[in-house]
Structure formats: C-alpha cells, structure tokens
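Reviewing the structure listed below.
Residue numbers (UniProt numbering): 1 to 501.
Next up, the structure:
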C-alpha cells in the first residue's frame, strides 16, 4: 500500500500494525508463523483446483451432465469472490488471526459436507462453504504484516504467495492420484485434513493487537453481487431444459440482473464501498478491469478444466485421450512449471509501465491456445502443445494484470484496486466455467455423458472471442512514462481503502 500524507489513507492504514510495532513486540519463531501461513495458503489454492481431475468421475458417478457438475466449480468461485471481498475488512474488525481460524474451520466443514454427500446438490453446497477459503490469501498477507519484522516482510510475502501457486499446481497431481487410488470422495478427506491442521496451527499465531470494530463495513456491497450472478447463471443453465422463452428462465435471469443493478446502485451511493466500482470511471484502470473480466471469463475460467476433461475422457468418446486422473494431473503439473519459468520474462517486459505489452502477448497466446486446442483434438502430443501455449498465456496474463492495476490506480487506493481486480477475476472465472459447462451439455452424445467435437469447438471459440475482445480493449490502455499520474476521475482519490491487507 502506498504511504503518503493523505489523512484518509492514514486512517485506513490504522487497521494495520505498523512495522515498528511488529518489530517491537515479542514474536513467535518466524519459521513457525510463516509455516502456518504457507499451509493456509496451500489450503486456498488446493481447494480451487482439486476438482478439475475429479469432475469426469463425478459426472459418471451421478449420471449427470457437465453443466450440472460444473456448479461444483462455479459455487466455489462465486463464494470465493465474495469472501475475498469482505475478509480483509472483517479481519480488521475481529482480528486477522481470529478470522483466519474461522475461515479454515468453515473450509473444513465444507469439505466434510461434500464428503458425506449422497447427491450432487449436497456436494455443491459443501463446495460453496469451501469457497470461503477465497479469503485466506488476503488474511495471510495481513497476518504477515502484523507479525513479521519489517526487514523480513517482502521475503515472507513472496514465500507465502509462491506456496499458493504451488498448492494450486499440486492440486491436480494430488487429487488425480487420489481419484485413481481411492475415488473422488477422498479428495475431500485430504482437503478437510489440510484445513483442520491449518486451523489448529493458526490458533498458536500471535494474537492481534488491534481491532477496528464493526463500523463502516459495507456488508451489502461485499456479498450482494454473488447471488445476483448465481441467479442469472442458474437461469442460463436451466434454459436447455425449460427453454429460453420459459417464464422460469426469464425470471431467474432478470432476477439476477435486477440484484446486480441494485448492487451497482448501492456501491455508487455508499461513502466507503467495499467493492469500489468507481474505479471503472478511470480510463486506464477501468479498461484493465474490463480486460481482466474478459480473459477470466475465457482463457482463465474455462480452458483449465476443459483440458482436464479432454485428457481424461475415454478414447471411445468423440473427444478424449483416455488418461487416468493421476496421469492427467501430473501432466498438467509439468506443463504448469513452464508457466512458472516464464513469469520473470513477463516481469521484465512489464518494466517502466509497460505491463500492457505483456498482457497483449498473453492474450495473443490465449487466442492461439484456443485455436490450437480445437485443431489438435485428435493428437495427444498436439493437444499437450496447445496446453503449453495456454500455460504461457496464463503466465503472461496473471503476471501483467496486477502491475496494470498498480499503474492505473491512485496511490491512495492501490490495495483497494487490487481487491476489486481479484473479485473481478474470481467472479468472471466462475461465470466462464459455468457457461463453458452449459455449452458442453448442449452437445452431449445421446445416451452418454460426453460432448461432441462441436461442443468443444464451441467452447474454444467462446474462449478465443472473449480473449480477442480483451486484447482489443487492452490496446486502448494508454502507456505512460513511469512516474506520471494516470488518475482521471477525482472521485477516486478520496475513497478510503476499506481492505487494508
């Protein structure tokens, strides 16, 4: 967060323990604190990817469609977006360590609900509860700022963030091997155990020294968008059964849109919005957030789980390579390492306010990956090549977007802008995954759970179009010399940062 003389920025930062205070009081051993937070970060990222390799097995087990099973992903992402939005402020109010324990406990309960489920609906409920883990990363960073000495803070943050990335990549490998050995149920056993151990460990973290109280928390702003998106998506999802002209279809879609409209009106009206949509009025930041929404809907939200489904579908299906869950997960992990290697290259390209260039490269690679995926569905080697290109796209996109947010946001609102970006990315990834599974369900081969080649081509076309529009939007983002002010709307600067993480 930027440090400055602005009084409202200082007021917002009072919820954080200053580095001097952190250096002055007795601390737990630093490796212990960081170790517990690493484990909590792994819980968040593992739970976000653990269902990718399990999804084909769940579809077969419950004799359902990809569209129905896709809610296992969508429910987690939508709740995760809301949790990421409100966790920082609730951490200020009740203490970050305390809320970390609560979120980890809730995640454990969600895993147990899904483990005990005897229906797809109950698994979705459990996954929605698990989605509260979306707030873990902001809380972990907040606890680090409270407890880690100033000189060690940058390294500690990098280590925890890196652990989250590895946890997500390992989720495919671990869950894939679990599915092969014991079945998809046991992925929830591992998730519950990880979350429970993390919660117990978090109890021994230093107690918070400051709590801000409950005043000025924008509760509606933090949670109202999730049910709005969910209702609209449910209407779209059920349109295949009810019909587009059905009153139920129209009712759910319109109901969701009305809730979203009320949410926008509320956030524009409230003095300290939790999700400050006024940022969209800033040219550079607004275009960045729109581009983020589009690539999250397409490249980031759909391609990952679709690739897993293609690799695991049997060779007898119209599209599929017949890999086991463990093999597909390990292959995805290996491909993901390439993205890790490419991350520094994106950082170099992004120097001196040139993050747009890195994003454009990533978007171009995303379009190429979608096209290659559609063209190379008959060759495992060719499809793996398309997934390598996709990993490169993801690396450039995810590395460039946070820097674009920093370049476009007012100094006093950098942390808040990053929060809006994270909510946008998570929510639209949920929308993309839901629409993707609905499209696959429209092209099912009669009597099977498998989509035709036309279904996959339609999904890849959707990804390519959304990513192409994101690329065009990015071309309108102005590139300015380092150090120049890019703030265009004076209404942005006075907004106090609500999520001081």
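In this text, a Cβ means the ideal position worked out from N, Cα and C, and glycines have one as well.
C-alpha gap between residue i and residue j, whole angstroms
| i | j | result |
| --- | --- | --- |
| residue 150 | residue 402 | 23 Å |
| residue 282 | residue 29 | 44 Å |
| residue 66 | residue 260 | 26 Å |
| residue 342 | residue 394 | 10 Å |
| residue 299 | residue 339 | 14 Å |
| residue 419 | residue 446 | 44 Å |
| residue 74 | residue 111 | 16 Å |
| residue 463 | residue 116 | 35 Å |
| residue 177 | residue 326 | 4 Å |
| residue 161 | residue 318 | 39 Å |
| residue 77 | residue 430 | 5 Å |
| residue 474 | residue 355 | 10 Å |
| residue 174 | residue 265 | 44 Å |
| residue 157 | residue 87 | 18 Å |
| residue 250 | residue 229 | 14 Å |
| residue 263 | residue 321 | 44 Å |
| residue 104 | residue 202 | 9 Å |
| residue 127 | residue 72 | 6 Å |
| residue 507 | residue 416 | Given a span of 1 to 501 for the chain in the structure shown, any question on residue 507 remains unanswerable. |
| residue 436 | residue 101 | 34 Å |
| residue 271 | residue 223 | 17 Å |
| residue 291 | residue 302 | 16 Å |
| residue 396 | residue 362 | 5 Å |
| residue 85 | residue 423 | 6 Å |
| residue 192 | residue 113 | 10 Å |
| residue 131 | residue 68 | 18 Å |
| residue 194 | residue 58 | 22 Å |
| residue 385 | residue 451 | 22 Å |
| residue 199 | residue 334 | 30 Å |
Buried versus exposed call for residue i [16 or more other C-beta atoms within 10 Å across all chains shown]
| i | result |
| --- | --- |
| residue 314 | exposed |
| residue 337 | exposed |
| residue 241 | exposed |
| residue 476 | exposed |
| residue 267 | buried |
| residue 63 | exposed |
| residue 349 | buried |
| residue 245 | exposed |
| residue 204 | exposed |
| residue 379 | exposed |
| residue 454 | exposed |
| residue 392 | buried |
| residue 31 | exposed |
| residue 184 | buried |
| residue 360 | buried |
| residue 155 | exposed |
| residue 118 | exposed |
| residue 316 | exposed |
| residue 181 | exposed |
| residue 502 | Here the chain comprises residues numbered 1 to 501, so residue 502 is not present and cannot be evaluated. |
DSSP-derived helix/strand/coil call for residue i
| i | result |
| --- | --- |
| residue 451 | strand |
| residue 444 | strand |
| residue 250 | helix |
| residue 477 | coil |
| residue 244 | coil |
| residue 52 | coil |
| residue 349 | helix |
| residue 239 | helix |
| residue 63 | coil |
| residue 119 | coil |
| residue 396 | helix |
| residue 92 | helix |
| residue 29 | coil |
| residue 386 | helix |
| residue 434 | helix |
| residue 503 | Nothing can be reported for residue 503, as the shown portion of the chain is limited to 1 through 501. |
Limits of the unbroken alpha helix (DSSP H) element including residue i
| i | result |
| --- | --- |
| residue 70 | Element bounds for residue 70: n/a, residue is neither H nor E. |
| residue 108 | 96-116 |
| residue 356 | 355-375 |
| residue 409 | Run containing residue 409: none; DSSP gives neither H nor E here. |
| residue 205 | No alpha helix (DSSP H) holds residue 205; DSSP gives it neither H nor E. |
| residue 220 | 219-223 |
Exercise. Give, in chain order, every unbroken run of the alpha helix (DSSP H) that is at least 4 residues long and sits entirely within the segment 124-196.
Key: 136-147 and 153-181
Exercise. Please specify which runs of the alpha helix (DSSP H), each continuous and at least 4 residues long, are wholly inside the segment 263-342, giving them in chain order.
Key: 283-295 and 303-312
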